[in-house]
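**Student:** Position in the sequence shown (first residue = 1) + 2 = this note's numbering.
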Amino acid sequence: ALAVLIGEFPSQTAARLEGRDTSPVAPQVIAAGLPLELVRRRPDVRRTERALAQASALTASAMTEVYPRLSLTAALGLESQDITDLFRSDSRAFNVGPRLVGPIFRSRIIEAGIEVRTAQQQQALIAHEKALLEALVDVEDALVAFARTQERVQALEASFAAERRAYDLALDLNTSGLRDYLAVLDVQRSMIAAQTDLTRARTDHVTAAVALYKALGGGWEVEAPALAGAVGAEPAQ
3 ALAVLIGEFP
13 SQTAARLEGR
23 DTSPVAPQVI
33 AAGLPLELVR
43 RRPDVRRTER
53 ALAQASALTA
63 SAMTEVYPRL
73 SLTAALGLES
83 QDITDLFRSD
93 SRAFNVGPRL
103 VGPIFRSRII
113 EAGIEVRTAQ
123 QQQALIAHEK
133 ALLEALVDVE
143 DALVAFARTQ
153 ERVQALEASF
163 AAERRAYDLA
173 LDLNTSGLRD
183 YLAVLDVQRS
193 MIAAQTDLTR
203 ARTDHVTAAV
213 ALYKALGGGW
223 EVEAPALAGA
233 VGAEPAQ
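1. So Asp199 packs on Leu158, CB below 8 Å; how close in whole Å?
2. Between Thr209, Ala210, Ala163, Arg204, which lies nearest to Gln190 when the distance is taken from Cα to Cα?
3. Check this for me: beta carbons of Ala210 and Thr151, under 8 Å apart or not?
4. Classify Val6: buried if its beta carbon has 16 or more other beta carbons within 10 angstroms, exposed otherwise.
5. Do you know how far the Cα of Glu136 is from the Cα of Ala217?
6. Let's test the definition: count the other Cβ atoms within 10 Å of the Cβ of Gln125 and tell me whether it reaches 16, buried, or not, exposed.
7. Buried or exposed: which applies to Thr61, given that a residue is buried once 16 or more other Cβ atoms fall within 10 Å of its Cβ?
8. Determine the closest residue to Ala133 out of Arg42, Tyr215, Val146, Ala196, with distance taken between C-alpha atoms.
9. Please report how far the alpha carbon of Ala172 lies from the alpha carbon of Glu165, in whole angstroms.
10. Determine, for Glu142, whether the minimum Cβ-Cβ distance to residues of chain B falls below 8 Å.
11. Do Gly115 and Glu67 have their beta-carbon atoms positioned less than 8 Å apart in this structure?
12. Less than 8 Å separating the beta-carbons of Val146 and Arg204?
13. Can you find the residues in the same chain that come closer than 7 Å, C-beta to C-beta, to Val47, ignoring five residues on each side of it along the sequence?
14. Note down the Cα distance separating Pro175 from Arg181, rounded to an integer number of angstroms.
15. Report yes if the CB atom of Ala57 is closer than 8 Å to the CB atom of Gln123, and no otherwise.
16. Between Phe148 and Leu214, how many whole angstroms is the CB-CB distance? I'm expecting something under 8 Å.
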């Protein structure tokens, strides 16, 4: 399925993924500054933006119908007092002059057309503003989810590290004969549970990162320097 999505044969995709860690890792920091500029890359926002531009152009075109049009006309004919001289070269007549055409009898039609185009432009503007607001809400929700999942990962990393130290200590005590092996198994069970929770939290964090990329419209490198509104913090030591 992945090969179909990226337009490759399965063998090509397998060769690219061979030898790589299949577990995705979310970045610690995502450059989320200037979200309004970033969300303009979203397809839904770009679609409404182009619709607004088209409606504005049609409105401007309709308004030009109000003004009279000036055109340059030319006429070529034959002129002679005697029919026998009608086809002589000196009987040709040529006339050039401007022609002014005004919308005197079409003013109501033009005004109605302008009103329709203006209403359509207003509708396009409202749709574009709505798309921008919805995009910003998506970004805000995705930022919150990313930050929360990151905090949970950091907390569970610390918890798993503590469980791992407890397990190592239990093994040492068992080796020294100071603790039975059943106690070691109990500590190991707690360590495995902490590791399972950490794995799930990391998966949720990656999912939140993907949702944030989608909300921002994508189109940038993860390694880009964090902007003023960067999200994320250094991992817990």
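Each residue gets a CB set at the ideal place from its N, CA and C atoms; glycine is no exception. Computed from a predicted structure; not experimentally measured.
**Tutor:** Let's see:
1. The residue labelled residue 199 in the question sits at position 197 within the sequence shown. The residue labelled residue 158 in the question sits at position 156 within the sequence shown. The Cβ separation is near 5 Å, so the contact holds.
2. Position 188 of the sequence shown, counting from 1, holds the residue named residue 190. Selected option, being the one with the closest Cα: Ala163.
3. The residue you call residue 210 lines up with position 208 of the sequence shown. The residue you call residue 151 lines up with position 149 of the sequence shown. Cβ atoms of Ala210 and Thr151: closer than 8 Å.
4. Locating residue 6 in the sequence shown gives position 4, where the first residue counts as 1. Exposed, because fewer than 16 other Cβ atoms sit within 10 Å of the Cβ of Val6.
5. One-based indexing of the sequence shown puts residue 217 at position 215. One-based indexing of the sequence shown puts residue 136 at position 134. Roughly 10 Å between the two C-alpha positions.
6. In the sequence shown, the residue the question calls residue 125 occupies position 123. Gln125 is exposed by the Cβ-count criterion.
7. Residue mapping note: residue 61 aligns to position 59 of the sequence shown, counting from 1. With 16 or more other Cβ atoms within 10 Å, it is buried.
8. As a working mapping, residue 133 is identified with position 131 in the sequence shown. Looking at the Cα atoms, Arg42 is the closest of the given residues.
9. In the sequence shown, residue 172 corresponds to position 170, counting from 1. In the sequence shown, residue 165 corresponds to position 163, counting from 1. C-alpha separation (whole angstroms): 10 Å.
10. Among the chains in the structure shown there is no chain B, since it carries only a single protein chain.
11. Walking along the sequence shown from the start, residue 67 turns up at place 65. Walking along the sequence shown from the start, residue 115 turns up at place 113. Yes, Cβ-Cβ distance for Glu67 and Gly115 is below 8 Å.
12. The residue labelled residue 146 in the question sits at position 144 within the sequence shown. The residue labelled residue 204 in the question sits at position 202 within the sequence shown. The answer is no: Cβ separation not under 8 Å.
13. What you label residue 47 is simply residue 45 of the sequence shown in a count that begins at 1. Taken in chain order, the residues that qualify are Val41, Ala133, Leu134, Ala137.
14. Residue 175 sits at position 173 when you count from the first residue of the sequence shown. Residue 181 sits at position 179 when you count from the first residue of the sequence shown. The residue asked about is misnamed: residue 175 is Leu in this sequence, not Pro. Near 5 Å, if we compare the C-alpha coordinates of Arg181 and Leu175.
15. If you number the sequence shown from 1, residue 57 lands on position 55. If you number the sequence shown from 1, residue 123 lands on position 121. Yes. Within cutoff.
16. Reading the sequence shown from its first residue, position 146 is the one you call residue 148. Reading the sequence shown from its first residue, position 212 is the one you call residue 214. With 8 Å as the limit, Phe148 and Leu214 qualify as a contact, their Cβ atoms being about 5 Å apart.
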